[in-house]
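The block underneath contains the structure these notes are about, expressed in structure tokens.
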Ligand code: HEC
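Numbering (the working numbering), first residue to last: 1490 to 1622.
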């Protein structure tokens, strides 16, 4: 019995180590998308990015910066500072971006935008984020 318990601890330790493997690069260790959002794909085409750009300018740029590099004037004093969305979008799926924008990020200044923006507007912003470099 003791042996079984010990192997369970070993397995857990191994899992914990694996989970922390990419710790230095936050973008490489994205949180799993909750099932309500997992698998969602942007129903809009790339041309929606124009509307997204103007929504981004109004609602997001002050913190995330005009090119989404996380360097907006209102973001500098925040802890954590706003994410570089140009980097993030390379690693993140549509479902991840939509989920974070819709529901915000707990423990940070990133608020939930669902209710402020419609789902269609959130997808327009996602289309814009896809253009960021
Ligand atoms: C008040 C400043 C502020 C505003 C305005 C803001 N954000 Fe954020 N945003 C943040 C902060 C702070 C984080 C958390 C960064 C972190 O976790 O390292 C964040 C996180 C995010 C993330 C998730 C990053 C991750 O690591 O998962 C996305 C996507 C995002 N913002 C997009 C947007 C969009 C789109 C808008 C406009 C609709 C917006 N944000 C408006 C401050 C802001």
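The beta carbon of each residue, even a glycine, is placed where N, CA and C say it ideally should be. All figures in this text were calculated on a predicted structure; none of them were measured in a lab.
> Candidates 1604, 1581 and 1600: which alpha carbon is nearest residue 1619's?
Replying inline: Residue mapping note: residue 1619 aligns to position 130 of the chain shown, counting from 1. With distances taken between Cα atoms, residue 1619 lies closest to 1581.
> Taking DSSP as the reference, what is the three-state secondary structure of residue 1621?
Replying inline: Within the chain shown, numbered from 1, the residue matching residue 1621 stands at position 132. Correct three-state label for residue 1621: coil.
>> Assess contact between the segment 1569-1578 and the segment 1524-1539, defined as three or more Cβ pairs (one per stretch) separated by less than 8 Å. Is contact present?
In response: no
>> Let me make sure I understand the geometry here. Which of 1567, 1552 and 1568 has the alpha-carbon closest to that of residue 1561?
In response: For the purposes of this step, residue 1561 is taken as the residue at position 72 of the chain shown. With distances taken between Cα atoms, residue 1561 lies closest to 1552.
>> Considering only their Cβ atoms, is the gap separating residue 1588 from residue 1526 smaller than 8 Å?
In response: Locating residue 1526 in the chain shown gives position 37, counting from the first residue. Locating residue 1588 in the chain shown gives position 99, counting from the first residue. A contact, by the Cβ cut-off of 8 Å.
>> By the three-class DSSP mapping on this structure, what secondary structure does residue 1544 have?
In response: On the chain shown, position 55 is the one that residue 1544 refers to. Helix at residue 1544.
> Where does residue 1593 fall in DSSP's three states?
Replying inline: For this step, residue 1593 is matched to residue 104 along the chain shown. Coil, per DSSP.
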